[in-house]
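Trainee: Here you go, one structure.
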Amino acid sequence: MSDRTMTLPQAAAWIACTTGGPRPHTATLTRWINRGVRGRRLPALRAGGGRFLVSVDDLATFVEYRNVERNADHEP
655 MSDRTMTLPQ AAAWIACTTG GPRPHTATLT RWINRGVRGR RLPALRAGGG RFLVSVDDLA
715 TFVEYRNVER NADHEP
């Protein structure tokens, strides 16, 4: 995990800003951490109070993977 980490609300805002799409709900990010999507989980650390922290690098990799996967599903 990189030195730069963020909370789930910060990560949701980062995704919206980076992709130009809608801001995902923090519950969506929690689901990506706990259950994953198609066998791939978003790596995270548990901080005090049960909060999750995600690294910018891991989040960028996960979002890129999701975008590539989503585009592949919509190709003819």
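Read left to right, the sequence shown gives residues 655 to 730 (the working numbering). Note that the Cβ used here is the ideal one computed from N, Cα and C, for glycine as well. Nothing here was measured: the structure is a model prediction, and the numbers come from that model.
Can you find the residues in the same chain that come closer than 8 Å, C-beta to C-beta, to Thr705, ignoring five residues on each side of it along the sequence?
Mentor: One-based indexing of the sequence shown puts residue 705 at position 51. The identity of residue 705 in the sequence shown is Arg, whereas the question assumes Thr. If we look at Arg705 and ignore the five residues flanking it on each side, its Cβ neighbours are Thr661 and Leu662.
Trainee: Thr672: buried (16+ other C-beta within 10 angstroms of its C-beta) or exposed?
Mentor: Within the sequence shown, residue 672 is the residue found at index 18, counting from 1. So Thr672 counts as exposed.
Trainee: Return the first residue and the last residue of the beta strand (DSSP E) that Leu707 is part of.
Mentor: Along the sequence shown, read from residue 1 onward, the residue named residue 707 stands at position 53. Leu707 -> beta strand (DSSP E) spans Phe706 to Ser709.
Trainee: In angstroms with no decimal places, state the Cα-to-Cα distance between Met655 and Gly702.
Mentor: Mapped onto the sequence shown, residue 655 falls at position 1. Mapped onto the sequence shown, residue 702 falls at position 48. The pLDDT assigned to Met655 is 49, lower than 50, so where the model puts this residue is not dependable, and the model offers no usable value.
Trainee: How long is the line joining the alpha carbons of Leu699 and Leu707, rounded to whole angstroms?
Mentor: Within the sequence shown, residue 699 is the residue found at index 45, counting from 1. Within the sequence shown, residue 707 is the residue found at index 53, counting from 1. Roughly 5 Å between the two C-alpha positions.
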